[in-house]
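Taken in sequence, the protein lines are chains A and B.
Under this note's numbering, think of the first position of the first sequence as 20, with each following residue one higher.
Under this note's numbering, think of the first position of the second sequence as -16, with each following residue one higher.
Note that beta-carbon positions come from the ideal geometry of N, C-alpha and C, so glycine has one too.
Structure first, then comments.
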Amino acid sequence: MAARRIVVTSGKGGVGKTTTTANLGAALAKRGHRVILVDADIGLRNLDLVLGLEKRIVFDLVEVAEGRCQLRQALIKDKRFESLSILPAAQTRDKDAITEAQFEAIVKEAAEIADFVFIDCPAGIEAGFRNAVAGAQEALVVTTPEVSAIRDADRVVGKLNDKKMPIRLIVNRLRPEMVRTGDMLSVEDVCEILSVELVGIVPDDEEVIDTTNRGTPIVLDETAKLRVIYDKIARRLEGDVVPFTNFDGGGFFGRLLGALKAG
Amino acid sequence: MIDWMKKLFGQTPSSSTAKERLRLVLMTDHLALAPEIIENMKRDLVDVISRYVEVDREKVEVNFEREDKALAMLANIPITAVNRQSPPEPPPERPADPPSAIVESTKDEVAAPASTHAGAPPRRKRRKKPAASKAAPAQ
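Set out below in structure tokens:
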């Protein structure tokens, strides 16, 4: 059975698309799925770096599109997992080096040999976005609880709605203590504003910087608190009903959990 | 302590300000992205008003402006004549009445084109062109 093709997008840059793609992909691979991550950010390649695979790149997405190599030759297998590979973006080319049709064909080919194909979408809503979306059947919209990120996410949600694509939301970099004091929009607020089904809440944590510095996916760091968070999102993507952690501090347990950032 | 006092005495938490601002800006964004909806609304609005007064359709302007906590629709509809007879009662989608009874009414010229403001009165003239003038989103 062909893989689910999921685009990870946000509109605004720097909200955590690549980190989310890398860590969700790793979480699903660790759970036994065959996962391929496609870096659609041509010219600003980063997924390889976040996963610590930057030294192993031979071919890239554009070379596959141009028929200069086979997809299988361009895929880089992450040796720490049974079944995680990435297809790197070209670093020295432009976004228009590939067409929507070419992109779609490559993603569909990847889907033949995987269970999940994630497409790490570039920021913006132009050609790069259109390419990334062309290959996908469903979308994960990543946003942070900030006005600019939410406005851009809303724009992207509008575009994805036009494509009649199922959309789910990840609220990234939540700071529960700020939500409690009324200094940050809550997850409920964000969901209400965007009217999109929630699939994950990721609290802001220094672990993300630390693990990306090292090029290690969070799910491989046994001490990482966020490991549980990404694992929960992975299970929700599999179709499980996994209750959300209450970060907003309703009652004693919420506050305790928030304080411990226990996931 | 000072922060706590600030919050107690009326300063709204920034999250509610953010939510309110976002609600408004997204409404404006959505309107700007839906020019055909604005056009339809404008047409319907003018249709209704035309049942009571004669309107210069070419010069109708519809604008959206931020009021304090809401988005105000400002419609500038020049009236060229007023129907003296009592206005027709049925809404146009019910064609029960013979059309001649409605359409032919005596008209008196009005001295100058008047303006009708729907929604809140305009406080300031703003830079914003009607939302309808923006291009449709390219796919």
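Helix, strand or coil at residue i [DSSP, three-state]
{"i": "residue -2 of chain B", "result": "helix"}
{"i": "residue 24 of chain A", "result": "strand"}
{"i": "residue 41 of chain A", "result": "helix"}
{"i": "residue 96 of chain A", "result": "strand"}
{"i": "residue 106 of chain A", "result": "strand"}
{"i": "residue 50 of chain B", "result": "coil"}
{"i": "residue 111 of chain A", "result": "coil"}
{"i": "residue 64 of chain B", "result": "strand"}
{"i": "residue 68 of chain A", "result": "helix"}
{"i": "residue 43 of chain B", "result": "coil"}
{"i": "residue 134 of chain A", "result": "coil"}
{"i": "residue 9 of chain B", "result": "helix"}
{"i": "residue 83 of chain A", "result": "helix"}
{"i": "residue 58 of chain A", "result": "strand"}
{"i": "residue 33 of chain A", "result": "coil"}
{"i": "residue 155 of chain A", "result": "coil"}
{"i": "residue 20 of chain B", "result": "helix"}
Neighbourhood of residue i by C-beta, 6 Å cutoff - its chain only, sequence neighbours within 5 removed
{"i": "residue 92 of chain A", "result": "78"}
{"i": "residue 243 of chain A", "result": "226 and 237"}
{"i": "residue 217 of chain A", "result": "188 and 210"}
{"i": "residue 130 of chain A", "result": "21, 22, 24 and 136"}
{"i": "residue 298 of chain A", "result": "Shown here, chain A extends from 20 to 282; a query on residue 298 of chain A therefore has no answer."}
{"i": "residue 147 of chain A", "result": "114 and 141"}
{"i": "residue 161 of chain A", "result": "29, 34, 35, 36, 39, 189 and 191"}
CA-to-CA distance, residue j to residue i, given in whole angstroms
{"i": "residue 214 of chain A", "j": "residue 87 of chain A", "result": "43 Å"}
{"i": "residue 188 of chain A", "j": "residue 135 of chain A", "result": "18 Å"}
{"i": "residue 208 of chain A", "j": "residue 2 of chain B", "result": "7 Å"}
{"i": "residue 206 of chain A", "j": "residue 197 of chain A", "result": "12 Å"}
{"i": "residue -5 of chain B", "j": "residue 52 of chain B", "result": "14 Å"}
{"i": "residue 69 of chain A", "j": "residue 15 of chain B", "result": "38 Å"}
{"i": "residue 115 of chain B", "j": "residue 233 of chain A", "result": "Because the pLDDT of residue 115 of chain B is 39, which lies under 50, any placement of that residue in the model is unreliable, and the number read from its coordinates should be weighed accordingly. The alpha-carbon atoms of residue 115 of chain B and residue 233 of chain A are separated by roughly 50 Å."}
{"i": "residue 254 of chain A", "j": "residue 22 of chain A", "result": "16 Å"}
{"i": "residue 171 of chain A", "j": "residue 34 of chain A", "result": "11 Å"}
{"i": "residue 40 of chain B", "j": "residue 62 of chain B", "result": "9 Å"}
{"i": "residue 152 of chain A", "j": "residue 140 of chain A", "result": "8 Å"}
{"i": "residue 266 of chain A", "j": "residue 239 of chain A", "result": "24 Å"}
{"i": "residue 5 of chain B", "j": "residue 74 of chain A", "result": "43 Å"}
{"i": "residue 176 of chain A", "j": "residue 56 of chain A", "result": "22 Å"}
{"i": "residue 332 of chain A", "j": "residue 49 of chain B", "result": "Not covered by the structure: residue 332 of chain A. The range shown for chain A is 20 to 282."}
{"i": "residue 28 of chain A", "j": "residue 20 of chain B", "result": "28 Å"}
{"i": "residue 13 of chain B", "j": "residue 24 of chain B", "result": "14 Å"}
{"i": "residue 169 of chain A", "j": "residue 34 of chain B", "result": "43 Å"}
{"i": "residue 125 of chain A", "j": "residue 143 of chain A", "result": "22 Å"}
{"i": "residue 0 of chain B", "j": "residue 51 of chain A", "result": "45 Å"}
{"i": "residue 223 of chain A", "j": "residue 59 of chain B", "result": "49 Å"}
{"i": "residue 173 of chain A", "j": "residue 26 of chain A", "result": "16 Å"}
{"i": "residue 64 of chain B", "j": "residue 22 of chain B", "result": "23 Å"}
{"i": "residue 258 of chain A", "j": "residue 156 of chain A", "result": "16 Å"}
{"i": "residue 241 of chain A", "j": "residue 18 of chain B", "result": "53 Å"}
Own chain, CB closer than 7 Å to residue i, minus 5 neighbours either side, in chain order
{"i": "residue 72 of chain A", "result": "95, 97 and 105"}
{"i": "residue 54 of chain B", "result": "7, 10, 11 and 47"}
{"i": "residue 76 of chain A", "result": "67, 95 and 107"}
{"i": "residue 103 of chain A", "result": "44, 45, 48, 54 and 97"}
{"i": "residue 150 of chain A", "result": "59, 117, 119 and 122"}
{"i": "residue 112 of chain A", "result": "61, 62 and 81"}
{"i": "residue 167 of chain A", "result": "31"}
{"i": "residue 38 of chain A", "result": "69, 227 and 231"}
{"i": "residue 164 of chain A", "result": "190, 193, 203, 204 and 209"}
{"i": "residue 249 of chain A", "result": "42, 43, 46, 237 and 238"}
{"i": "residue 28 of chain B", "result": "58"}
{"i": "residue 99 of chain A", "result": "239"}
{"i": "residue 235 of chain A", "result": "71"}
Same chain, Cβ closer than 8 Å to residue i, neighbours up to 5 away in sequence not counted
{"i": "residue 82 of chain A", "result": "88, 93 and 109"}
{"i": "residue 145 of chain A", "result": "114"}
{"i": "residue 127 of chain A", "result": "21, 24 and 154"}
{"i": "residue 220 of chain A", "result": "189, 190, 193, 206, 248, 263, 264 and 266"}
{"i": "residue 16 of chain A", "result": "For chain A, the structure presents residues 20 to 282; residue 16 of chain A sits outside this window and is missing."}
Residue i Cβ short of 7 Å to the ligand COA heavy atom set
{"i": "residue 66 of chain A", "result": "The ligand COA is not part of this structure, which contains no ligands at all."}
Listed by chain order, chain A residues near residue i by CB distance under 7 Å
{"i": "residue 1 of chain B", "result": "166 and 204"}
9 Å Cβ cut-off: residues of chain B touching residue i
{"i": "residue 169 of chain A", "result": "1, 5 and 9"}
{"i": "residue 201 of chain A", "result": "-10, -5, -4, -3, -2 and -1"}
Partners in chain C for residue i, counting only beta-carbon separations shorter than 8 Å
{"i": "residue 174 of chain A", "result": "Of the protein chains in this structure, namely A and B, none is chain C."}
Contacts that residue i makes with chain B (C-beta to C-beta distance below 7 Å)
{"i": "residue 177 of chain A", "result": "16"}
{"i": "residue 97 of chain A", "result": "Within chain B, no residue comes near residue 97 of chain A; the closest Cβ sits about 35 Å away, beyond 7 Å."}
{"i": "residue 240 of chain A", "result": "Per Cβ cutoff of 7 Å: no residues; residue 240 of chain A is ~31 Å from chain B at best."}
Within chain B, the residues that residue i reaches when beta carbons sit closer than 8 Å
{"i": "residue 220 of chain A", "result": "Under the 8 Å cutoff, chain B gives no residues; its nearest Cβ is about 16 Å from residue 220 of chain A."}
{"i": "residue 212 of chain A", "result": "2, 5, 6 and 9"}
{"i": "residue 115 of chain A", "result": "Chain B residues near residue 115 of chain A: none, gap ~15 Å exceeds 8 Å."}
**Study point:** Contiguous beta strand (DSSP E) assignments of at least 3 residues, all confined to the segment 188 to 264 of chain A
**Key:** Segments of the beta strand (DSSP E) lying fully in the segment 188 to 264 of chain A: 216 to 222.
Exercise for review: Within the segment 159 to 184 of chain A, note down every full alpha helix (DSSP H) run reaching 4 residues or more, in order along the chain.
Suggested key: 166 to 181
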